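Undergrad:
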Amino acid sequence: MTLAQDHPTRRPSRPVRRRAGRWRLPSARHAVLLPLSLFMVAPFVYMLAASVMSETELHRFPPAIIPSGVDLGGYRKVLAESDFQRWFLNSVIVSTTVVVSQVVLCSMAGYAFARMRFFGGRTVLTLILATTLVPFQLTVIPTFLVFSKVHLVDTLPALIVPQLASALGVYLMTSFFRGFPRELEEAARMDGCSRWGVFFRVVLPVARPAIAALAVIMFIYSWNDLFWPLVAITSEDKYTVQVGLATFQGQHKADWSQIMAGTVLATVPVLVIFLVGQRRFVQALSGAVKG
Amino acid sequence: MSAPTATGGRAGRRADGTASRTRGGPAPGGGPRRRRLAEHVAGWSFAGPSTLLVLGFSFLPMAWALRLSFTDSDLMTGGQNVGLANYRTLAEDPVFWTSLRNTLTLVAMYVPASLVLGLLAAMLLNKPLRGIGFYRVCFLVPFVASAAAEGLLMGYIFDRDFGVVNGALSMAGLPTQGFLADPGQAMYVLGAIFIWKQFGFNVIIYLAALQEIPAETMEAAAIDGAGPWARFRHIVVPSVKPITLFLAVWGLIDSLQFFDLIVTTTKGGPVNSTVTVVYYVWQLAFDMFTAGYGAAVAYTLFAASLAVIVLALALGRRKGSLQ
């Protein structure tokens, strides 16, 4: 900053040199970035490869890198010998319910905090943001006690209810609506639309980009959640995919083909959602910090 | 909020002042006073559900956990009041101190490494670059995939007997390692996996911060003869400092809550070498049913980390104002 102000006249005089510098650099950067990105995704490629290896290939040393053929034995075993389909379905039920609820409730709250002035609004928003500092290990024991008191432990609602709304969702939607032009709503209000009418018919449809980002983030978060499901669920038919994977460790100690097939199946949905929504995902993450 | 009526009145007036064009027009209902009430009701009906859920699942259990930490609750019952006994036990519990040391090892490894690597990678991406979208996606894949799956995957990759890493070591003529099966290495391996997993998040956040630095600033500095290192030290680092502070605090919180990866790799072993404080809380409460003691351990970690975070934020602010 200070450097720029000290010599304002010199700035426009040498644009040529800058451009030349820009031209030369990329190749060098690719030389670092390409291996680095390979390093980041290679384990997943290997996961996919290992999932179609035969048992003998998986138990060889030094291990095989490229599978000699496609052996679907691991997939067959994971689908036949465990409740994997059931776990997958449970995860789908929990995650989609959570996403729908988060989208509706957090949009409503974000809209209220950004647009309406109501008693206690600012204080409550501050409190909601402060909850991000409350770690889950602190709240998990009492939360479990509450759910066991109302006999919801070991049910899917126990997984859903605590995730119906989130501080992150409220924050994302509040900052989105703060930067959202008022004109549309004003026009609708002029036409005699009620607050709810404006929100559901005018605001929500236009808020699609933010909602998409919120949905992607919440799906990923909910799908991957392990701590609470591990605590709240005890019956095998109510496991989520992640809890199911956690039971693989130890139980099928040496059965790597089955484990690798399971991890592939558990990872695919979240990667698909991420790839579809990655632009929104990145925007929301970077916007959340700047806002 | 000490004088509710005054605050409410002021908020209402401001709403009428700034937004009279918005809502003042042909709004249904009577005078301004009734409209103000309607505004409060509308606001709360929109914000109420989320507020109840978020606050209800954080501050209430947080208060309850404090009470539990003074009891001998066994997870089924509330338990008897035992005063400070849990905290006294904790001071002499070797597993607690081991878990604390493991957690601090992770923090010391993860926080600096993720900041430095994240910033360096973000700087590489912070110029027009072909394939930037590809790199961004690659960096974020481990962040997005589940820790449970990654734990299993890494368990195989670092497997002592059949793992790829040992395979590569032996082909290079180097001695194979125990990795996750070696009490002296397991925590460091987990730390490395954690850096790999979270790395993309820091890159994205740093990249957003770097893009806020005006290009002219960097160009002017370059023209004035500032080399890459000088520009990095005197422009980049100070500019992204608030973000560094944010990411440091965030990284601290993240590594203090390190749990998922342990569940699908070492389960705390070998010989407690990867038991973190949070994993220990989980074991205490849901494995050994000493919920009261578990709550005390959780509270001790929380109080300590809150103190560190407040201190870091205060220090960061003071340094910022000095410059």
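Residue numbers (my numbering), protein chains in the order written: chain A, 3 to 293; chain B, 25 to 347. Backbone N, C-alpha and C fix where the C-beta goes; we use that ideal spot for every residue, glycine too. Owing to the predicted nature of the structure, the values given are computational and were not obtained by experimental measurement.
Along the chain, where does the alpha helix (DSSP H) that runs through B:A196 open and close?
TA: Stepping through the second sequence from its first residue, residue 196 of chain B is reached at position 172. No alpha helix (DSSP H) contains B:A196, which DSSP labels as neither H nor E.
Undergrad: When the cut-off is 8 angstroms and only beta carbons count, does B:W253 lie next to chain A?
TA: One-based indexing of the second sequence puts residue 253 of chain B at position 229. No, B:W253 lies away from the interface with chain A (no Cβ there is under 8 angstroms from its Cβ).
Undergrad: Kindly give me the distance between the Cβ atoms of A:F46 and B:V165, rounded to whole angstroms, as I take these residues to be in contact under 8 angstroms.
TA: Here the question's residue 46 of chain A lines up with position 44 in the first sequence. Here the question's residue 165 of chain B lines up with position 141 in the second sequence. That belief holds up - the Cβ atoms of A:F46 and B:V165 are roughly 6 angstroms apart, short of 8 angstroms.
Undergrad: Measuring only the C-alpha atoms, how far is A:P231 from A:V218?
TA: Locating residue 231 of chain A in the first sequence gives position 229, counting from the first residue. Locating residue 218 of chain A in the first sequence gives position 216, counting from the first residue. Rounded to the nearest angstrom, the two C-alpha atoms are 20 angstroms apart.
Undergrad: In whole angstroms, what is the alpha-carbon distance linking B:Y303 and B:G292?
TA: Stepping through the second sequence from its first residue, residue 303 of chain B is reached at position 279. Stepping through the second sequence from its first residue, residue 292 of chain B is reached at position 268. The alpha-carbon atoms of B:Y303 and B:G292 are separated by roughly 7 angstroms.
Undergrad: Closer than 8 angstroms by C-beta to B:A30: which residues in its own chain qualify, once you throw out the five before and the five after it? Chain order, please.
TA: Here residue 30 of chain B refers to the residue found at position 6 when the second sequence is read from its first residue. Any reading at B:A30 must be qualified, since the residue scores a pLDDT of 36, below 50, and its modelled position is unreliable; no value is offered.
Undergrad: Which residues in the same chain have their Cβ closer than 7 angstroms to the Cβ of B:S138, if we skip the five residues on either side of it in sequence?
TA: Within the second sequence, residue 138 of chain B is the residue found at index 114, counting from 1. Hits under 7 angstroms: I219, Q222, F223, N226, G275.
Undergrad: From the beta carbon of B:F120, is the nearest beta carbon of chain A less than 8 angstroms away?
TA: Working through the second sequence from its first residue, we reach residue 120 of chain B at position 96. Answer no: the Cβ-Cβ gap between B:F120 and chain A never drops below 8 angstroms.
Undergrad: Determine the contact status of A:L127 and A:F115, defining contact as a CB-CB distance below 8 angstroms.
TA: The residue you call residue 127 of chain A lines up with position 125 of the first sequence. The residue you call residue 115 of chain A lines up with position 113 of the first sequence. Cβ atoms of A:L127 and A:F115: closer than 8 angstroms.
Undergrad: Looking at C-beta atoms only, is the number of pairs between the segment 50–64 of chain A and the segment 254–268 of chain A that lie closer than 8 angstroms three or more?
TA: Judged by Cβ distances under 8 angstroms, the segment 50–64 of chain A makes contact with the segment 254–268 of chain A, as three or more pairs qualify.
Undergrad: Does DSSP put B:T95 in a helix, a strand or coil?
TA: Position 71 of the second sequence, counted from the start, is the residue given in the question as residue 95 of chain B. Residue state, collapsed to three classes: strand.
Undergrad: Taking all protein chains shown into account, decide if B:L231 is buried (16 or more other Cβ within 10 angstroms of its Cβ) or exposed.
TA: Along the second sequence, one-based indexing puts residue 231 of chain B at 207. The residue in question, B:L231, is buried, as its Cβ has 16 or more Cβ neighbours within 10 Å.
Undergrad: Grouping DSSP H, G and I as helix and E and B as strand, with all else coil, what is B:A232?
TA: Locating residue 232 of chain B in the second sequence gives position 208, counting from the first residue. Three-state result, B:A232: helix.
Undergrad: Quick check on this structure: which residue in A:T133, A:F182, A:A167, A:I162 has the alpha carbon closest to the alpha carbon of B:F70?
TA: Taking the second sequence and counting its residues from 1, the one referred to as residue 70 of chain B is at position 46. If we check each option's Cα against that of B:F70, A:A167 comes out closest.
Undergrad: Just checking my contact of B:V131 with B:S297 at CB under 8 angstroms: how many whole Å lie between their CB atoms?
TA: Start at 1 with the first residue of the second sequence, and residue 131 of chain B comes out as number 107. Start at 1 with the first residue of the second sequence, and residue 297 of chain B comes out as number 273. Wrong, their Cβ atoms sit about 16 angstroms apart, outside the cutoff.
Undergrad: Which term fits B:Q104, buried or exposed, when burial requires 16 or more other beta carbons within 10 angstroms of its beta carbon?
TA: One-based indexing of the second sequence puts residue 104 of chain B at position 80. So B:Q104 ends up on the exposed side.
Undergrad: Where are the alpha helix (DSSP H) runs, 4 residues long or more, that stay fully inside the segment 67–138 of chain B, in chain order?
TA: 83–92, 109–115
Undergrad: Does any residue of chain B have a CB that is nearer than 8 angstroms to the CB of A:V233?
TA: Here residue 233 of chain A refers to the residue found at position 231 when the first sequence is read from its first residue. So, interface residue.
Undergrad: By Cβ distance, which residues of its chain are closer than 7 angstroms to B:A19, with the 5 residues on each side in sequence left out?
TA: There is simply no residue 19 of chain B to check, as chain B begins at 25 and stops at 347 in what is shown.
Undergrad: Over what stretch of residues does the alpha helix (DSSP H) that includes B:M312 continue unbroken?
TA: Walking along the second sequence from the start, residue 312 of chain B turns up at place 288. Here B:M312 belongs to no alpha helix (DSSP H), and DSSP marks it neither H nor E.
Undergrad: Kindly indicate if chain A contains any beta-carbon less than 8 angstroms away from that of B:M133.
TA: As a position in the second sequence, residue 133 of chain B is number 109, starting the count at 1. Output row for B:M133: interface = no.
Undergrad: Using a 10 Å radius around the Cβ and a threshold of 16 neighbouring Cβ atoms, would you call A:L91 buried or exposed?
TA: As a first step, residue 91 of chain A is located in the first sequence; it is residue number 89 there, counting from the start. Counting Cβ neighbours within 10 Å, A:L91 comes out exposed, since fewer than 16 surround it.
Undergrad: What do you reckon, are the CB atoms on A:F201 and A:Y113 nearer than 8 angstroms?
TA: Taking the first sequence and counting its residues from 1, the one referred to as residue 201 of chain A is at position 199. Taking the first sequence and counting its residues from 1, the one referred to as residue 113 of chain A is at position 111. Yes, the Cβ-Cβ distance between A:F201 and A:Y113 is below 8 angstroms.
Undergrad: Measuring CB to CB, does A:L131 end up less than 8 angstroms from B:L176?
TA: If you number the first sequence from 1, residue 131 of chain A lands on position 129. If you number the second sequence from 1, residue 176 of chain B lands on position 152. No, Cβ-Cβ distance for A:L131 and B:L176 is not below 8 angstroms.
Undergrad: Here's a check: name, in chain order, each residue in its chain whose Cβ is nearer than 8 angstroms to the Cβ of A:A214, leaving out the five neighbours to either side.
TA: Looking up residue 214 of chain A in the first sequence gives position 212. Hits under 8 angstroms: G279, R282.
Undergrad: Is there at least one Cβ from chain A nearer than 8 angstroms to B:G187's Cβ?
TA: Residue mapping note: residue 187 of chain B aligns to position 163 of the second sequence, counting from 1. Answer yes: the Cβ-Cβ gap between B:G187 and chain A drops below 8 angstroms somewhere.
Undergrad: Do you know how far the Cα of A:L161 is from the Cα of A:V152?
TA: By one-based count along the first sequence, residue 152 of chain A stands at place 150. By one-based count along the first sequence, residue 161 of chain A stands at place 159. A direct Cα-to-Cα measurement between A:V152 and A:L161 gives close to 14 angstroms.
Undergrad: Cβ closer than 7 angstroms: which chain B residues qualify as neighbours of A:R197?
TA: Position 195 of the first sequence, counted from the start, is the residue given in the question as residue 197 of chain A. Using a Cβ-Cβ cut-off of 7 angstroms, A:R197 is close to A66 of chain B, given in chain order.
Undergrad: Whose C-beta lies closer than 7 angstroms to the C-beta of B:Y350 among residues of the same chain, with five residues either side of it excluded?
TA: What the structure shows of chain B is the stretch from 25 to 347, and residue 350 of chain B is not part of that stretch, so it cannot be assessed.
Undergrad: At a CB-CB cut-off below 8 angstroms, which residues of chain A make contact with B:R160?
TA: Position 136 of the second sequence, counting from 1, holds the residue named residue 160 of chain B. The answer, in chain order, is Q280, V284.
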